[in-house]
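Accompanying notes for the structure given below.
There are 2 protein chains.
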Amino acid sequence: MSQRKASGDSGRATIRDVAQRAGVSVASVSRVLSGNYPVSDELRRRVMKVVRDLDYVTNAHARSLAGGGTPTVAILINNITGAAFTHVAKGVESAASLRGWLTLVGTTGDDPERELALVNLMRQQGVAAVILLGGAYDYDEYQLRMARFARSLDAADSHLVLVGRPPLEGEVPATTVDYDNEGGAYAMASHLLSAGHRRVLVLPGHAELTTAQGRLKGAQRAFEAYGVPLDPGMVRHGPYDYEHGYDAVEESLRQGAAFTAVLAGTDVVAAGAAQALRAAGLRVPEDVSVVGYDDIPLASQLTPQLTTVHVPYEEMGRAALRAVADRRESGRRRVGDADHLVLGTHVVVRQSVRPPSQ
Amino acid sequence: MSQRKASGDSGRATIRDVAQRAGVSVASVSRVLSGNYPVSDELRRRVMKVVRDLDYVTNAHARSLAGGGTPTVAILINNITGAAFTHVAKGVESAASLRGWLTLVGTTGDDPERELALVNLMRQQGVAAVILLGGAYDYDEYQLRMARFARSLDAADSHLVLVGRPPLEGEVPATTVDYDNEGGAYAMASHLLSAGHRRVLVLPGHAELTTAQGRLKGAQRAFEAYGVPLDPGMVRHGPYDYEHGYDAVEESLRQGAAFTAVLAGTDVVAAGAAQALRAAGLRVPEDVSVVGYDDIPLASQLTPQLTTVHVPYEEMGRAALRAVADRRESGRRRVGDADHLVLGTHVVVRQSVRPPSQ
Numbered sequence: 000m001s002q003r004k005a006s007g008d009s010g011r012a013t014i015r016d017v018a019q020r021a022g023v024s025v026a027s028v029s030r031v032l033s034g035n036y037p038v039s040d041e042l043r044r045r046v047m048k049v050v051r052d053l054d055y056v057t058n059a060h061a062r063s064l065a066g067g068g069t070p071t072v073a074i075l076i077n078n079i080t081g082a083a084f085t086h087v088a089k090g091v092e093s094a095a096s097l098r099g100w101l102t103l104v105g106t107t108g109d110d111p112e113r114e115l116a117l118v119n120l121m122r123q124q125g126v127a128a129v130i131l132l133g134g135a136y137d138y139d140e141y142q143l144r145m146a147r148f149a150r151s152l153d154a155a156d157s158h159l160v161l162v163g164r165p166p167l168e169g170e171v172p173a174t175t176v177d178y179d180n181e182g183g184a185y186a187m188a189s190h191l192l193s194a195g196h197r198r199v200l201v202l203p204g205h206a207e208l209t210t211a212q213g214r215l216k217g218a219q220r221a222f223e224a225y226g227v228p229l230d231p232g233m234v235r236h237g238p239y240d241y242e243h244g245y246d247a248v249e250e251s252l253r254q255g256a257a258f259t260a261v262l263a264g265t266d267v268v269a270a271g272a273a274q275a276l277r278a279a280g281l282r283v284p285e286d287v288s289v290v291g292y293d294d295i296p297l298a299s300q301l302t303p304q305l306t307t308v309h310v311p312y313e314e315m316g317r318a319a320l321r322a323v324a325d326r327r328e329s330g331r332r333r334v335g336d337a338d339h340l341v342l343g344t345h346v347v348v349r350q351s352v353r354p355p356s357q
Numbered sequence: 000m001s002q003r004k005a006s007g008d009s010g011r012a013t014i015r016d017v018a019q020r021a022g023v024s025v026a027s028v029s030r031v032l033s034g035n036y037p038v039s040d041e042l043r044r045r046v047m048k049v050v051r052d053l054d055y056v057t058n059a060h061a062r063s064l065a066g067g068g069t070p071t072v073a074i075l076i077n078n079i080t081g082a083a084f085t086h087v088a089k090g091v092e093s094a095a096s097l098r099g100w101l102t103l104v105g106t107t108g109d110d111p112e113r114e115l116a117l118v119n120l121m122r123q124q125g126v127a128a129v130i131l132l133g134g135a136y137d138y139d140e141y142q143l144r145m146a147r148f149a150r151s152l153d154a155a156d157s158h159l160v161l162v163g164r165p166p167l168e169g170e171v172p173a174t175t176v177d178y179d180n181e182g183g184a185y186a187m188a189s190h191l192l193s194a195g196h197r198r199v200l201v202l203p204g205h206a207e208l209t210t211a212q213g214r215l216k217g218a219q220r221a222f223e224a225y226g227v228p229l230d231p232g233m234v235r236h237g238p239y240d241y242e243h244g245y246d247a248v249e250e251s252l253r254q255g256a257a258f259t260a261v262l263a264g265t266d267v268v269a270a271g272a273a274q275a276l277r278a279a280g281l282r283v284p285e286d287v288s289v290v291g292y293d294d295i296p297l298a299s300q301l302t303p304q305l306t307t308v309h310v311p312y313e314e315m316g317r318a319a320l321r322a323v324a325d326r327r328e329s330g331r332r333r334v335g336d337a338d339h340l341v342l343g344t345h346v347v348v349r350q351s352v353r354p355p356s357q
């Protein structure tokens with residue numbers, strides 16, 4: 000490790016050490032490291048090699064998370080194994096990476112205390128924004144908590160972004176990037192109804208989750224539009240997981256419920272539902288149709304491939320990062336309509352729906 | 000928001016404000032917030048409600064990531080949408096959460112510069128450890144880079160942990176939590192061979208990735224043990240994704256390769272392989288058997304459910320966090336054999352293997 004000698008045995012390498020060893024000017028090193036100026040690939044490679052060799056810590060990184068340096072955005076997510084959320088995070092990261100920004104992901108495990116601790120931590124560290132992902136629980140306490148986060152981040156020159164959640168009530172300094180959740184559910188239910196299905200098992204998610212509320216409401220509107228009554232007994236609430244899909248179908252079959260289609264709240268719930276149908280000797284889609292929501296990669300990996308609602312998760316992540324970057328550039332602080340973005344959803348027709356058999 | 004008045008309009012709430020409003024002693028608040036002492040649920044709830052109401056930022060959080068406060072561990076991951084890695088991260092988080100620690104996840108996008116920037120950032124922030132997840136590329140430069148990371152973290156009273164990677168060469172202050180990668184591949188290939196398969200398409204992964212090297216080597220050893228030649232033309236390298244599985248099978252079929260089984264390097268590759276077989280009119284497992292590796296949830300959601308190798312990803316994450324916590328408690332700095340942990344793997348038999356048809 001003779002290379003480390005250049006930096007002295009105790010001290011850190013300086014930008015001058017890097018410039019000298021790379022045979023370029025200090026200004027050139029600075030341009031490469033800032034990431035804000037166009038530099039040739041060759042210069043970038045040469046400088047970064049020396050940076051690695053000397054284990055050089057830039058002042059930007061030393062200051063980083065503290066305002067002046069590399070902007071960093073924090074993404075807070077309930078559960079890191081949720082595929083939809085990780086695609087939003089990937090979108091944030093790809094847009095951040097383009098700008099030379101860093102991203103950090105913290106997980107809250109659906110625990111308000113961990114969420115609070117992480118938001119406070121990130122505020123202290125001076126992140127450019129805190130991006131909260133995923134459906135929210137529709138309690139008054141939630142609105143209050145988010146408003147407090149928004150104001151405390153705003154006061155610290157940071158910013159709160161909610162992705163995949165409805166906007167906050169009142170004048171709160173936060174940006175919302177949402178998708179047409181109810182419209183997607185309306186289109187998906189209409190697809191089943193227009194194929195002739197009348198008895199549909201609906202698994203919208205947890206009753207208190209805003210995402211599930213929107214998906215159920217969209218389905219209800221479609222049933223109304225088709226003049227088909229939606230039996231409340233055919234709606235089963237539960238978590239967005241494989242086990243819930245499996246158990247809800249198994250139990251409905253055991254209770255003798257007659258249905259020709261399953262409208263699942265997510266692709267993962269649909270996967271569980273399809274497996275339970277097959278375990279009961281029913282074929283998908285010949286005997287029972289199954290549809291999902293989200294269009295995560297799983298949807299096209301299942302057999303049959305799942306008809307579902309495409310939600311532009313990665314694009315939502317990119318839009319969230321762009322909103323933060325635009326805001327910083329323009330120095331804009333005003334809260335207005337432009338701070339609420341709603342992206343479109345659409346049905347992706349694959350192989351899991353057929354008209355009901357007689 | 001009248002509650003905020005307690006903290007004054009400009010200043011932050013103090014621990015005394017919290018204690019007063021909660022009607023408990025300052026010491027009690029401190030015990031709740033430290034997370035290191037047993038406290039009653041009722042006390043915890045009461046204090047945390049006030050903490051939220053006052054938007055109180057603990058000194059621990061204010062100091063946090065800077066040594067004295069809530070220990071934080073950083074997880075660095077190539078790609079946040081990789082299911083295996085997210086399960087390791089989940090294991091780290093659950094073990095961290097038990098101890099009241101926080102975790103942050105950074106993604107490197109397989110870019111050594113971003114990896115460097117994140118390691119430096121985390122070192123500056125005083126994290127208790129940096130945990131690097133996932134297969135490494137087998138280059139000399141990698142060994143040097145990791146040794147530098149390990150030494151610079153060690154010098155900053157932090158620690159490098161490699162999970163799912165082979166240990167570093169020489170005396171390097173790092174902990175490795177690995178799994179019996181080659182043994183799992185040996186067992187999986189043996190399972191196919193003992194079912195009678197002799198012509199097997201092998202998709203181990205990228206040739207330079209340590210994970211893929213181990214999986215291929217395990218398979219080769221099994222073929223040798225069974226006295227079956229493994230045709231090098233039947234080994235196709237490529238990324239661990241669905242598209243590679245699909246394309247490799249499609250191309251092999253087009254070139255007229257005769258095989259009765261696919262030994263895929265991951266479950267996701269297996270999912271792509273199975274889809275390509277079906278697209279060519281072949282049934283799984285009646286015409287061609289398919290096996291995976293990893294045992295992520297996808298494996299049991301596919302039809303047929305995938306026979307695969309179970310890797311204890313969550314347990315590896317928990318073990319990594321425990322190693323860091325034990326190290327901090329004991330003040331241990333010595334590098335020894337105990338710093339290399341290898342967890343076991345085993346074949347999970349499901350429905351995707353049958354003896355070859357004639």
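Order-wise, the sequence lines are chains A and B. In terms of numbering that gives the first Met the number 0, the first sequence has 67 at position 68, counting the first letter as 1, and numbering is strictly consecutive. In terms of numbering that gives the first Met the number 0, the second sequence has 340 at position 341, counting the first letter as 1, and numbering is strictly consecutive. Even for Gly, the Cβ is constructed at its ideal location relative to N, Cα and C. Fair warning: this is a prediction, and the values are worked out from it, not measured in the lab.
Using C-beta distances below 6 Å, list every residue in its chain close to Phe84 of chain B, excluding the 5 sequence neighbours before and after it, in chain order. Counted from its first residue, the second sequence places residue 84 of chain B at position 85. The residues are Ile76, Leu132 and Gly133.
Report buried or exposed for Leu363 of chain A, applying the criterion of at least 16 other Cβ atoms within 10 angstroms of its Cβ. Past the edges of chain A, shown from 0 to 357, lies residue 363 of chain A, and the structure says nothing about it.
Just the C-alpha distance for Asn58 of chain A and Ala173 of chain B, rounded to the nearest angstrom, thanks. As a working note, residue 58 of chain A is residue 59 in the first sequence. As a working note, residue 173 of chain B is residue 174 in the second sequence. Annotation note: pLDDT 44 at Asn58 of chain A (below 50); position unreliable, no value reported.
Which residues in the same chain have their Cβ closer than 6 Å to the Cβ of Asp246 of chain A, if we skip the five residues on either side of it in sequence? Position 247 of the first sequence, counted from the first residue, corresponds to residue 246 of chain A. None.
Rounded C-alpha distance that separates Asp40 of chain A from Asp110 of chain B: Start at 1 with the first residue of the first sequence, and residue 40 of chain A comes out as number 41. Start at 1 with the first residue of the second sequence, and residue 110 of chain B comes out as number 111. Asp40 of chain A and Asp110 of chain B have their alpha carbons spaced roughly 15 Å apart.
Starting from Ile74 of chain B, trace the beta strand (DSSP E) both ways and give me its first and last residue. Reading the second sequence from its first residue, position 75 is the one you call residue 74 of chain B. Note, Ile74 of chain B: beta strand (DSSP E), Thr71 to Ile76.
For Glu92 of chain B versus Thr102 of chain B, is the C-beta distance shorter than 8 Å? Translated into the one-based positions of the second sequence, residue 92 of chain B becomes position 93. Translated into the one-based positions of the second sequence, residue 102 of chain B becomes position 103. Yes.
So which residues of chain B does Tyr241 of chain A contact, with C-beta pairs closer than 9 Å? To locate residue 241 of chain A, count along the first sequence from 1; it is residue 242. Chain B residues near Tyr241 of chain A: Pro296, Ser299 and Gln300.
C-beta neighbour in chain A for Glu170 of chain B, strict 8 Å: On the second sequence, residue 170 of chain B is found 171 positions in, with the first residue counted as 1. Residue contact with chain A for Glu170 of chain B: absent (no Cβ-Cβ distance below 8 Å to any residue of chain A).
Hey, out of B:Ala194, B:Val248, B:Glu249 and B:Gly204, whose CA is closest to Phe222 of chain B's CA? Along the second sequence, read from residue 1 onward, the residue named residue 222 of chain B stands at position 223. Out of B:Ala194, B:Val248, B:Glu249 and B:Gly204, B:Ala194 has the C-alpha closest to the C-alpha of Phe222 of chain B.
According to a CB-to-CB cut-off of less than 9 Å, which residues of the stretch 263-274 of chain A neighbour chain B? Correct list: Val267, Ala270, Gly271, Ala273 and Gln274.
Determine the DSSP secondary structure at Ile130 of chain A, reduced to helix, strand or coil. Counted from its first residue, the first sequence places residue 130 of chain A at position 131. The DSSP-derived three-state label of Ile130 of chain A is strand.
Closer than 8 Å, CB to CB, is Val162 of chain B near chain A or not? The count along the second sequence starts at 1 and reaches residue 162 of chain B at position 163. Not an interface residue.
Can you list the residues of chain A that Ala112 of chain B reaches, using a CB-CB cut of under 7 Å? For the purposes of this step, residue 112 of chain B is taken as the residue at position 113 of the second sequence. The sequence as given places Glu at residue 112 of chain B; Ala does not occur at that position. From the beta-carbon of Glu112 of chain B, the residues of chain A found nearer than 7 Å are Met47.
For the alpha helix (DSSP H) that Leu191 of chain B lies in, which residues bound it at each end? Within the second sequence, numbered from 1, the residue matching residue 191 of chain B stands at position 192. That run of the alpha helix (DSSP H) goes Asn180 to Ser193.
In three-state DSSP terms, what is Lys48 of chain B? One-based indexing of the second sequence puts residue 48 of chain B at position 49. Here DSSP, grouped into helix, strand and coil, assigns Lys48 of chain B to helix.
Under 8 Å between C-beta atoms of Arg220 of chain B and Tyr178 of chain B: Position 221 of the second sequence, counting from 1, holds the residue named residue 220 of chain B. Position 179 of the second sequence, counting from 1, holds the residue named residue 178 of chain B. Not closer than 8 Å, so no.
Per-residue contacts from Ala21 of chain B into chain A (C-beta, under 7 Å): Here residue 21 of chain B is taken as the residue at index 22 of the second sequence, counted from 1. Here the premise fails: no neighbours, minimum Cβ distance about 15 Å.
What did DSSP end up calling Val171 of chain A once you bin it into helix, strand or coil? Mapped onto the first sequence, residue 171 of chain A falls at position 172. Coil, per DSSP.
Give me the chain A residues within the contact set of Val18 of chain B, using Cβ-Cβ distance strictly less than 7 Å, ordered along the chain. On the second sequence, position 19 is the one that residue 18 of chain B refers to. According to the sequence shown, residue 18 of chain B is Ala rather than Val. Within chain A, no residue comes near Ala18 of chain B; the closest Cβ sits about 18 Å away, beyond 7 Å.
Any chain B beta carbon closer than 8 Å to Ala247 of chain A: What you label residue 247 of chain A is simply residue 248 of the first sequence in a count that begins at 1. For Ala247 of chain A, the answer is no, since every Cβ of chain B falls outside 8 Å of its Cβ.
In the DSSP assignment, the alpha helix (DSSP H) including Leu115 of chain A goes from what residue to what residue? By one-based count along the first sequence, residue 115 of chain A stands at place 116. Note, Leu115 of chain A: alpha helix (DSSP H), Pro111 to Gln123.
Reference Ala275 of chain B, options A:Arg282, A:Val176 and A:Ser299, closest by Cα: Position 276 of the second sequence holds residue 275 of chain B. In terms of Cα proximity to Ala275 of chain B, the closest of A:Arg282, A:Val176 and A:Ser299 is A:Ser299.
Per-residue contacts from Glu92 of chain A into chain B (C-beta, under 8 Å): The residue you call residue 92 of chain A lines up with position 93 of the first sequence. Within 8 Å Cβ-Cβ: Ile79, Thr106 and Gly108.
8 Å Cβ cut-off: residues of chain B touching Arg277 of chain A: Walking along the first sequence from the start, residue 277 of chain A turns up at place 278. Under the 8 Å cutoff, chain B gives Thr302.
Could you tell me the alpha carbon to alpha carbon distance between Met145 of chain B and Glu114 of chain B, rounded to whole angstroms? To locate residue 145 of chain B, count along the second sequence from 1; it is residue 146. To locate residue 114 of chain B, count along the second sequence from 1; it is residue 115. The alpha-carbon separation between Met145 of chain B and Glu114 of chain B amounts to approximately 10 Å.
Less than 8 Å between the CB atoms is what I'm expecting for Ala279 of chain A and Val261 of chain A, so what's the real figure, rounded? Start at 1 with the first residue of the first sequence, and residue 279 of chain A comes out as number 280. Start at 1 with the first residue of the first sequence, and residue 261 of chain A comes out as number 262. The pair is not a contact, with the Cβ atoms about 12 Å apart (cut-off 8 Å).
How is Val40 of chain B classed by DSSP in three states: helix, strand or coil? Working through the second sequence from its first residue, we reach residue 40 of chain B at position 41. A quick correction: the sequence has Asp, not Val, at residue 40 of chain B. Helix at Asp40 of chain B.
Please name the residue or residues paired with Asp177 of chain A in a DSSP beta bridge. Residue mapping note: residue 177 of chain A aligns to position 178 of the first sequence, counting from 1. In DSSP, Asp177 of chain A forms a bridge with A:Val341.
Is Gly10 of chain B helix, strand or coil when you go by DSSP? Reading the second sequence from its first residue, position 11 is the one you call residue 10 of chain B. Residue confidence for Gly10 of chain B is low, a pLDDT of 48 falling below 50, so the modelled location carries little weight and cannot support an answer.
What are the boundary residues of the beta strand (DSSP E) that includes Leu252 of chain A? For this step, residue 252 of chain A is matched to residue 253 along the first sequence. For Leu252 of chain A, no beta strand (DSSP E) segment is defined; the enclosing uninterrupted segment is the alpha helix (DSSP H) at Tyr241 to Arg253.
If the cut is a Cβ gap below 7 Å, which residues of chain A does Ala88 of chain B touch? Taking the second sequence and counting its residues from 1, one reaches residue 88 of chain B at position 89. Simply Ile79.
Taking 8 Å as the cut-off, does the stretch 305-321 of chain A touch the stretch 287-295 of chain A (at least 3 CB pairs, one atom from each stretch)? They touch, by the three-pair rule.
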